[in-house]
Amino acid sequence: MFVWIRSFLIRMGRPIYRIIKLIVGLLMILIKNYELRIKNYKKTKKNKISKRIKKFNNWENCFKRKMKKRKTRRRWKLWRGKEKRLKKRINGEAKKKANWMWIVWLLGSLLMGVFSFGIYIFYKEILIDLPDIEKIYTPPPMSSKIVDRDGSLLYKFYEDENRTWIPLSKIPQTLVWATISIEDKDFYRHSGFSLKGVFQAILYNLRKDQFPPRGGSTITQQVVKNVFLGSEKTWKRKLKEAVLAIALEWKLPKNEILERYFNQVAYGGESYGVQEASLKYFDKNVWEINLAEAAFLAGLPAAPSSYSPYGKNPEFALLRQKRVLDEMVKAGFINEEIAKKVSGEEIKIKNNIKNIEFPHFVFYVKKYLEEKLNFENIEKSGLRIVTSLDREKQLMAEKIVKEEIAKVLKLKISNGAVLIIDTKNGDILSMVGSKDYYTNDVDGKFNVTVALRQPGSSIKPINYLLALKKGWTLSSLIDDDRITYQIAGQDPYSPQNYNGKYMGTVTLKIALASSLNIPSVKLLEKNGVMDMIDLAEEMGITSWKDRSRFGLSLALGAGEVKMTELAEAYSIFANEGKKNEVNPILRVENYLGERIYEKETDKNRVVSSELAFLINEALSDDTARAPIFGFNSKLKIPERTVAVKTGTTNNLKDNWCIGWTPSVLVASWVGNNDGSPMSWVASGISGATPIWNRIMTEILENREEEKWQMPEGIVKTTVCGKEGYFVKGTENGVRCLPKTTPTPTIN
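The numbering used here applies: residue 550 is where the sequence shown begins, and numbers increase by one.
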């Protein structure tokens, strides 16, 4: 602050010194002039008196010679008295001169005192607490925009001021002319403050019926008011405004001041700056507006509320526009013919509605920015967040969810959710958090894709992956039969298959593909609950913090997960064992267009490509899942290789279907937000699976078929009479089922 004041006084020192020098010079001229007059007067009088004294001296000699004569003596006394009177007169003039000099010096000192006191008061009341002029470089609050991957706007975040910074080069010249004409005709001629403008405003305001009243502020002063001072109406603020305006003119060139004006001032409501005003009123970028629209915008800052086209008197805005055009004619920017033509053009005002597209995704992005990327004050930062959202897929998914949920209302299913992921990089292509964000019957604002829900059997691939890591193969045998676990302090635990039946001894492949519950629990008993949690965390499931809660029922989905976590974990299978974090953001730019964040695809191998291939092969085999789901169910996409897993909780509160190809993953869920059970869902076939099937079918419709690439460490061979895939070296350790010998019959 004091550095700026010192700089200000140094720069103001020259004109102040010149003023003082001028005052002192005028005083000295007056004194010199008076001294010269006195001197000339004295010289003239002295010459006359000298002659008379000389004459008197001659008479004196004469008088002395004739002392005796009475008459002569009397004349001598007479002239002697006259001489004394003349000398007194000379002394009186000198005294008079001295008195005048004192008066002049006294007046000069008084003027200097008053001037110095004025400087002190000006410094104390105005200069000492002036804001730092460097604040002009601090960006104002600006809206942050969230856009889809193609750049289309989804939503703007802001607090009180909806502002987008636009360089002067993008602002049309017609708007510059219109603004200068109506706000500050002498903008390029004054030095920040215009006495002419103040006097013109006073004269204007003295007239009757002049609305709105003029303040006489220059464009520079308006920038100062918006950046530094606010709208307080006091003489102190006005003086500070004038001083800062002059200082700002020293600091910035005219065009930079004009650019700040166009981006700082209010144009009505929450719209600050010409870009947001243009979007609000015309649904256009500011560089796309015509002359009529430019004149309309230029007239708004004087009284945004009064001239608002949404207010009680929308015709005021058009009258103001005509006034702007008249001022442009007076300033010589356009002629009367153009003004008349433009004033007759119709201006289409946009309906003032604040829209948000895909709100579940938008608010997820905001939370991701704040919690994962540590961005702060998003509402004021002027960010442009380019997201991964694919608008076409989002609209398609929303439509399918609504239609399919309407079909299953009779099954007491009221809500659904979908997540679509690009498995190659983790991009979220679509996020449908509920059947309708704005519905009240199911609390549509609740985003199921990031909520904790029990996954049911859809969690089983992690358990089977752990078994493969521990040396099991897809051809390894496991018994599907009745079993009861006696756990200390707990009731006996007897897992059941979904259909209540038992298949006897089966391979791991059939157990996984057919989603058998009993083999899954037995497998977890051998794998270890803690080992499964460790593997799940490596794959991206971080919700199982309290490990003491979980036991063998974890194999059947007793641990709650988020859909985003499950999608991230299973995209590892699609991506040949490499993990990409699920990410909704491609890049973030600041208000100047500079990239301050860009997503890095850092693939971290979590699972070997061989084991990922085996899981994919098992879950994409329609024959392996036929014992439970039958052939050609909705889990199969014709002529496509797709791995898929369903899941339904025992209490029928959640139903899942999650499937993937090498390039895309689709997860779907149906249920009720309040946790109430559904009436009946046949292994997901009539719940989440139809949603998944329709979405995956549409995505793959125009794509070439993708198949799992068999790694070098995998061999395809026949073991126990059946062809299968094995990690090299594990095929020889497979135990085969004993061959049954027919019982001989007696003829």
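Just so you know, even glycine gets a beta-carbon here, dropped at the ideal spot from N, CA and C.
Note to self: Could you compute how far the alpha carbon of D1223 sits from the alpha carbon of I1234?
What the structure shows: 22 Å
Check: Measuring CB to CB, does P863 end up less than 8 Å from A815?
Finding: no
Check: To the nearest angstrom, how far is it from the Cα of E805 to the Cα of L717?
Finding: 8 Å
Next item on the list: Report the three-state DSSP secondary structure of L717 (helix, strand or coil).
Entry: helix
Item checked: Presumed contact (8 Å Cβ cut-off) between L1103 and Y1042, rounded CB distance -> That pair is no contact at about 12 Å.
Next item on the list: Count the other C-beta atoms from every protein chain shown that fall within 10 angstroms of the C-beta of C1206, then say buried if there are 16 or more, exposed otherwise.
Entry: buried
Note to self: Between which residues of its own chain and G1282 is the CB-CB distance below 7 Å, once the five residues before and five after are set aside?
What the structure shows: none
Next item on the list: Please work out which residues of its chain come closer than 7 Å, Cβ to Cβ, to S701, disregarding the five sequence neighbours upstream and downstream, and give them in chain order.
Entry: R940
Check: Under the three-state reduction of DSSP, which class applies to L1001: helix, strand or coil?
Finding: coil
Checklist line | E819 to K774 span [Cα, whole Å] | finding: 18 Å
Note to self: Assuming V772 and L679 are in contact, meaning their beta carbons sit under 8 Å apart, how far apart are those beta carbons, in whole angstroms?
What the structure shows: About 15 Å separates the two Cβ atoms, so there is no contact after all.
Check: Leaving out the 5 sequence neighbours to the left and right, which residues in its chain are closer than 6 Å to P1260 when beta-carbon positions are compared?
Finding: S1158, E1159, F1162
Next item on the list: If I'm right that T936 touches R1144 with Cβ under 8 Å, what's the distance once you round it to whole angstroms?
Entry: Not confirmed; about 15 Å, so no contact.
Margin query: If distances are taken between C-alpha atoms only, which option among I768, S693, N1181, A1085 comes closest to R933?
Written below: S693
Item checked: Sequence-distant residues of its chain with Cβ nearer than 8 Å to T1091 (five each side left out) -> E1114
Notebook entry, point to check: Counting along the chain, where does the beta strand (DSSP E) carrying K1271 start and finish?
Noted result: 1271-1276
Next item on the list: Starting from the Cα of P721, find the closest Cα among S740, W836, F910 and give me that residue.
Entry: W836
Next item on the list: Keeping to the same chain, check which residues put their C-beta closer than 6 Å to that of E928; ignore five residues upstream and five downstream.
Entry: F706, Y707, E708
Check: Touching or not, the region 959-973 and the region 1269-1277, by the rule of three or more beta carbon pairs under 8 Å?
Finding: no
Note to self: For the alpha helix (DSSP H) containing K1058, name the first residue and the last one.
What the structure shows: 1057-1062
Margin query: Let me check understanding here. Comparing Cα to Cα, which of T713, E683, S827, I685 lies closest to Y1140?
Written below: T713
Margin query: Quick check: what's the CA-CA separation for N1048 versus K921?
Written below: 43 Å
Notebook entry, point to check: Would you call Q1035 buried or exposed, if buried means 16 or more other Cβ atoms sit within 10 Å of its Cβ?
Noted result: exposed
Notebook entry, point to check: What three-state label does DSSP hand T1022 in the structure shown?
Noted result: coil
Checklist line | Straight-line gap, E894 to A841 (C-alpha atoms, nearest Å) | finding: 7 Å
Notebook entry, point to check: Got a sec? Which residues, its chain only, sit under 7 Å from K757 by beta carbon, not counting five neighbours each side?
Noted result: Any reading at K757 needs caution, since the residue's pLDDT is 48, under 50, leaving its predicted position unreliable; the model's value is listed next. Correct list: empty, nothing qualifies.
Checklist line | Where E1261 falls: helix, strand or coil (DSSP) | finding: coil
Notebook entry, point to check: Could you give the distance in angstroms between the alpha-carbon of I695 and the alpha-carbon of V911?
Noted result: 7 Å
Item checked: Beta-carbon contacts of E808 that lie in its chain and below 6 Å, excluding the five residues immediately before and after -> L717
Check: Do the region 1054-1063 and the region 1120-1130 touch if we need at least three Cβ pairs shorter than 8 Å?
Finding: no
Check: Does the count of Cβ pairs from the region 872-886 and the region 824-834 closer than 8 Å reach three?
Finding: no
Item checked: Touch test, the region 1179-1188 against the region 978-989, Cβ-Cβ under 8 Å, three pairs minimum -> no
Check: Quick one: what does DSSP say G965 is sitting in, helix, strand or coil?
Finding: strand
Check: So who's on the other strand from E1138, going by DSSP bridges?
Finding: R933, R1144
Note to self: By the DSSP assignment, the alpha helix (DSSP H) with S827 in it spans what residues?
What the structure shows: 823-831
Next item on the list: Would you identify the three-state DSSP class for R738, choosing helix, strand or coil?
Entry: coil
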